[in-house]
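Trainee: In order, the protein sequences belong to chains A and B. Position 258, counted from 1, in the first sequence is what UniProt numbering calls 258; the numbers after and before it change by one each time, with no gaps. Position 229, counted from 1, in the second sequence is what UniProt numbering calls 229; the numbers after and before it change by one each time, with no gaps. A virtual CB, placed ideally from N, CA and C, is assigned to each residue, including glycine. Here the structure is a predicted model, which means the values were calculated and not measured. What follows is a structure written as structure tokens; I'll ask about it next.
There are 2 protein chains.
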Amino acid sequence: MTTIRDVSKLAGVSVATVSRLLNQSGYVSKEAEVAIMAAVKKLNYKPNTIARSLAGKKTSAVALMVPDILNPFFPELARAAEDEAAARGYTLVLCNTDNNPDKEKMYIEALINKQIDGIMISSYTISPGQIVALQERSIPIVAIDKPYDGYPILSVTAANREGGKLAIRHLLESGCQKIAHICGPSHVHSAYERALAYEDSCAGMPWYTPSLTAFGGFSVAGGYKAMKEIYRMHQDVDGVFAGNDLMAAGALKAIHELGLSVPDKIKIIGFDGIVMDMVFPELSTVSQQIYTLGKTAMDYLIRQIHDEPIERKNYELEVRLLPKSTT
Amino acid sequence: MTTIRDVSKLAGVSVATVSRLLNQSGYVSKEAEVAIMAAVKKLNYKPNTIARSLAGKKTSAVALMVPDILNPFFPELARAAEDEAAARGYTLVLCNTDNNPDKEKMYIEALINKQIDGIMISSYTISPGQIVALQERSIPIVAIDKPYDGYPILSVTAANREGGKLAIRHLLESGCQKIAHICGPSHVHSAYERALAYEDSCAGMPWYTPSLTAFGGFSVAGGYKAMKEIYRMHQDVDGVFAGNDLMAAGALKAIHELGLSVPDKIKIIGFDGIVMDMVFPELSTVSQQIYTLGKTAMDYLIRQIHDEPIERKNYELEVRLLPKSTT
DNA sequence: ACGTTTTGGGAAAACGTTAGCACACTTGTT
DNA sequence: AACAAGTGTGCTAACGTTTTCCCAAAACGT
């Protein structure tokens with residue numbers, strides 16, 4: 001392995017000068033620069049990141065903590081985060097927490113020891129206090145998908161409420177007379193917001209009744225069950241707003257089994273905009289531009305790391321109605 | 001930040017002794033141990049991984065290089081790899097290469113500078129020479145999904161050929177009289193092997209003809225197009241073996257559009273066994289136990305890192321027929 | 001001609017570990 | 001009694017950087 005010392009020797013300068021040049025800090029003469037660059041090229045010198053980290057206190061590594069990369073929402077987020085991180089010279093460490101607080105603590109502990117430069121975190125279970133504590137240890141954090149109002153925590157979320165309203169309005173405009181909602185876990189912020197949007201929009205309607213909402217747990221199987229349940233009580237339902245795309249797919253499966261035609265007899269719309277081209281008819285959805293979300297969040301994280309001034313507050317991304325074949 | 005020096009002072013021993021105890025190397029008396037452990041606990045000391053890496057030449061970090069985490073095959077692999085890595089005290093770095101040789105080189109360069117302990121790689125483009133070169137730089141490698149016969153490269157793959165045969169046999173036993181194949185890119189080893197299995201099994205059949213094979217590029221859209229193409233030439237096809245689940249889903253979509261009933265009129269089977277519960281009817285498939293694959297590969301990687309004796313050769317995992325609703 | 005900046009560069013102290021070496025004290029063996 | 005092996009411990013040199021300090025020369029203003 002060739003070190004900075006080798007370069008300095010070959011170039012006939014001190015290691016300090018080489019370091020200064022490579023880090024653009026301090027003054028270096030043109031001659032020295034030329035000699036050093038030549039030496040670097042000749043020796044194919046690459047600075048050792050570890051040593052650099054130890055001396056400089058920055059690792060050029062950031063972590064992405066997600067509940068479960070198997071949930072199709074997260075690969076897209078990860079992809080965006082990784083692209084952006086790589087583009088800015090950062091390395092991305094992946095952590096699956098399963099929303100298990102113990103695992104989360106373990107990972108956080110480990111990441112601190114690794115002197116990770118920042119963490120992008122999506123978690124239903126982590127407390128604002130924990131995040132603030134991390135920040136006080138001067139570890140920048142960006143929270144995904146859940147705002148922490150009242151705390152100095154930077155978060156990037158989608159406009160869940162507006163998206164939900166968009167979905168309902170779309171169903172109504174498409175002629176739906178009775179709309180059901182399949183909701184996710186209420187302790188999950190986005191699920192809660194979307195459910196609230198449904199209630200806000202529909203509570204005043206003559207057909208509205210609480211039993212039009214069923215719990216789908218954000219999963220395909222849950223959406224399937226919820227749809228069956230809803231249909232058992234309300235055969236006349238003609239519109240379904242599912243809190244995410246997975247549940248919408250499950251609902252679609254159920255509807256199909258029930259022999260109802262989509263979108264003639266019943267319309268259905270999901271939320272998220274994950275890639276789901278394997279499902280047919282293709283699901284209408286409210287897209288939250290997951291890639292942009294991940295990219296933006298990583299951008300903010302890195303800007304925090306670089307101490308660029310940033311308001312520590314929630315950044316809400318626009319959502320887009322994406323009507324396809326189920327409405 | 002509390003350092004090993006703080007601990008040694010509080011415990012009244014030298015740093016060397018603390019290090020020895022914490023690394024279980026060399027002798028440490030019972031009294032010293034007690035004193036040190038007390039100090040560690042009191043100061044809440046956690047060794048600094050960076051310093052440890054610099055001194056010890058190991059980072060406890062491994063990388064997973066995949067073409068694209070968006071392809072549903074890879075999150076499952078990543079999940080398994082990460083689980084196993086975390087369980088063994090390793091951190092997982094994620095790299096998306098898009099099968100772009102330049103990106104691959106960039107990442108490899110970066111990973112070397114980070115002194116990554118090992119790399120688990122799935123790539124269609126990397127050459128065995130590159131891998132061997134890395135190994136000669138004493139970076140352990142495990143290749144996924146593609147064996148490198150004739151090179152001292154450890155790889156973990158699925159029994160693609162056997163799986164393909166299993167799929168065909170299953171279709172035949174289910175009564176299929178004319179089976180088509182939708183294949184992936186021929187330079188992708190697994191796609192090639194599966195296509196070969198189809199040919200091996202079917203070339204002798206009276207109905208066999210090359211136009212029963214269409215190219216689906218391993219994607220949903222590709223599978224869809226391929227199916228349409230096949231049907232245009234062979235309305236009497238009653239069985240389809242798709243080279244992966246995504247193409248199978250695409251084909252299913254096409255079949256649905258063509259108004260054929262599955263599995264009565266035409267049966268279809270995929271390959272991979274990715275989680276696809278959003279598709280209905282649920283796809284029959286040949287499962288390659290992706291989780292096991294990832295876990296096994298990571299296990300081998302770490303065993304290589306620990307210099308545990310391992311044959312550098314291909315490890316082929318069994319596949320399983322998973323008949324569901326499309327056959 | 002004389003301060004004061006600006007420019008350029010070297011020596012050496014961190015950064016927090018690990019590991020090789022040396023030394024000392026117990027045991028056990030002949 | 002002498003010697004080897006085993007046990008316990010501390011010093012200190014790495015590991016490869018960055019980052020103070022500090023010094024010297026050149027450029028500049030008066």
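Between which two residues does the beta strand (DSSP E) holding Ser284(A) run?
Mentor: Start and end: Ser284 to Ser287.
Trainee: Excluding sequence positions up to five away, which residues of its chain have a Cβ less than 7 Å from the Cβ of Leu260(A)?
Mentor: Here the set comprises Ile266.
Trainee: Specify the secondary structure class of Cys183(A) as computed by DSSP and reduced to three states.
Mentor: In the structure shown, Cys183(A) sits in a strand (DSSP, three-state: E or B).
Trainee: Measure the C-alpha to C-alpha separation of Asp299(B) and Val237(B) and round it to an integer number of angstroms.
Mentor: Computed Cα separation, rounded: 43 Å.
Trainee: Go through the region 185-236 of chain A residue by residue and report every complete run of the alpha helix (DSSP H) that reaches 4 residues or more, in order.
Mentor: The qualifying runs are 189-202 and 220-233.
Trainee: If Ile290(A) and Glu76(A) are in contact, beta carbons under 8 Å, what's the gap, nearest whole angstrom?
Mentor: The pair is a contact, with the Cβ atoms about 4 Å apart (cut-off 8 Å).
Trainee: Got a sec, what are the start and stop residues for the beta strand (DSSP E) Arg79(B) sits in?
Mentor: Arg79(B) -> not in any beta strand (DSSP E); alpha helix (DSSP H) instead, spanning Phe73 to Ala87.
Trainee: Give me whichever residues DSSP pairs with Leu94(A) in a beta bridge.
Mentor: Answer is Leu64(A), bridged to Leu94(A).
Trainee: What do you reckon, are the CB atoms on Val66(B) and Val93(A) nearer than 8 Å?
Mentor: No, Cβ-Cβ distance for Val66(B) and Val93(A) is not below 8 Å.
Trainee: Does the distance from the CB of Met120(B) to the CB of Ile139(B) come in under 8 Å?
Mentor: Their beta carbons are not under 8 Å apart, which means Met120(B) does not touch Ile139(B) by this criterion.
Trainee: Are any of the Cβ atoms in chain B nearer than 8 Å to that of His256(A)?
Mentor: Yes - at least one Cβ of chain B is within 8 Å of the one on His256(A).
Trainee: Would you list, in chain order, the members of the region 51-62 of chain B that have their beta-carbon closer than 8 Å to a beta-carbon of chain A?
Mentor: Within the region 51-62 of chain B, the residues whose Cβ lies closer than 8 Å to some Cβ of chain A are Ala51, Ser53, Leu54, Thr59 and Ala61, listed in chain order.
Trainee: Measuring only between beta-carbons, confirm whether Met278(A) sits less than 8 Å from chain B.
Mentor: Output row for Met278(A): interface = yes.
Trainee: Can you list, in chain order, the residues of its chain whose CB lies under 7 Å from that of Asn99(A), leaving out five sequence neighbours each side?
Mentor: Cβ within range, chain order: Pro67, Ser123, Tyr124 and Thr125.
Trainee: If the criterion is Cβ atoms closer than 8 Å, does the pair Phe218(A) and Leu171(A) meet it?
Mentor: Not closer than 8 Å, so no.
Trainee: Applying the criterion that 16 or more other CB atoms from any shown protein chain within 10 Å of the CB defines a buried residue, is Glu104(B) buried or exposed?
Mentor: By the neighbour-count rule (16 or more Cβ atoms within 10 Å), Glu104(B) is buried.
Trainee: Around the C-beta of Tyr27(B), are 16 or more other C-beta atoms found within 10 angstroms, so that it is buried, or is it exposed?
Mentor: Exposed, because fewer than 16 other Cβ atoms sit within 10 Å of the Cβ of Tyr27(B).
Trainee: Going along the chain, which residues of the region 115-141 of chain B sit with their C-beta nearer than 8 Å to a C-beta in chain A?
Mentor: Listed by position along the chain: Gln115.
Trainee: Listed in chain order, which residues of the UniProt domain "HTH lacI-type" (2-56) of chain B have Cβ atoms closer than 8 Å to some Cβ of chain A?
Mentor: Those would be Lys46, Pro47, Asn48, Thr49, Ile50, Ala51, Ser53 and Leu54, in chain order.
Trainee: If Leu243(A) and Arg194(A) are in contact, beta carbons under 8 Å, what's the gap, nearest whole angstrom?
Mentor: Correcting the residue identity first, residue 243(A) is Gly in this sequence and not Leu. The Cβ separation is near 5 Å, so the contact holds.
Trainee: Say whether chain A places a C-beta atom closer than 8 Å to the C-beta of Val240(B).
Mentor: No, Val240(B) lies away from the interface with chain A (no Cβ there is under 8 Å from its Cβ).
Trainee: The region 222-247 of chain B: which residues have C-beta closer than 7 Å to a C-beta of chain A, in chain order?
Mentor: The residues in question are Leu246.
Trainee: Taking the continuous beta strand (DSSP E) assigned at Arg320(B), which residues delimit it?
Mentor: First-last of the beta strand (DSSP E) with Arg320(B): Arg320 to Leu322.
Trainee: List the endpoints of the continuous alpha helix (DSSP H) containing Asp264(B).
Mentor: Counting along the chain, Asp264(B) falls outside any alpha helix (DSSP H), and DSSP gives it neither H nor E.
Trainee: Please name the residues in the region 69-81 of chain A whose beta-carbon is closer than 8 Å to at least one beta-carbon of chain B, in chain order.
Mentor: So the close ones are Ile69, Leu70, Pro72, Phe74, Pro75, Glu76, Ala78 and Arg79.
Trainee: Use the C-beta contact count for Gly89(A): other C-beta atoms within 10 angstroms, 16 or more gives buried, fewer gives exposed.
Mentor: Exposed.
Trainee: Go ahead and label Ala249(A) buried or exposed: buried means 16 or more other beta carbons lie within 10 angstroms of its beta carbon, across all protein chains shown.
Mentor: By the 10 Å Cβ count, Ala249(A) comes out buried.
Trainee: Starting from the beta carbon of residue 337(B), find every residue of chain A whose beta carbon is closer than 8 Å, and list them in chain order.
Mentor: Past the edges of chain B, shown from 1 to 327, lies residue 337(B), and the structure says nothing about it.
Trainee: Step through the CB atoms of chain B and report whether any lies within less than 8 Å of the CB of Ala110(A).
Mentor: Yes, Ala110(A) lies at the interface with chain B (some Cβ there is under 8 Å from its Cβ).
Trainee: By the three-class DSSP mapping on this structure, what secondary structure does Val40(B) have?
Mentor: Helix, per DSSP.
Trainee: According to DSSP, is Glu311(B) part of a helix, a strand, or is it coil?
Mentor: In the structure shown, Glu311(B) sits in coil (DSSP, three-state: anything other than H, G, I, E or B).
Trainee: I want to know whether the region 223-236 of chain A touches the region 281-290 of chain B - three or more CB-CB distances under 8 Å.
Mentor: These segments do not touch.
Trainee: Hey, how far is the Cα of Thr296(A) from the Cα of Asn71(A)?
Mentor: Roughly 20 Å separates the two Cα atoms.
Trainee: Going along chain A in order, which residues have a C-beta closer than 7 Å to the C-beta of Val93(B)?
Mentor: Residues of chain A passing the Cβ test: Thr91, Leu92 and Val93.
Trainee: Check each candidate in Met278(B), Leu258(B) and Gly239(B) and name the one with the smallest Cα separation from His256(A).
Mentor: His256(A) has its Cα closest to that of Met278(B), out of Met278(B), Leu258(B) and Gly239(B).
Trainee: Ser186(B): which of Leu196(B), Ile69(B), Lys178(B) and Ser201(B) sits nearest, CA to CA?
Mentor: It is Leu196(B) whose Cα lies nearest to the Cα of Ser186(B).
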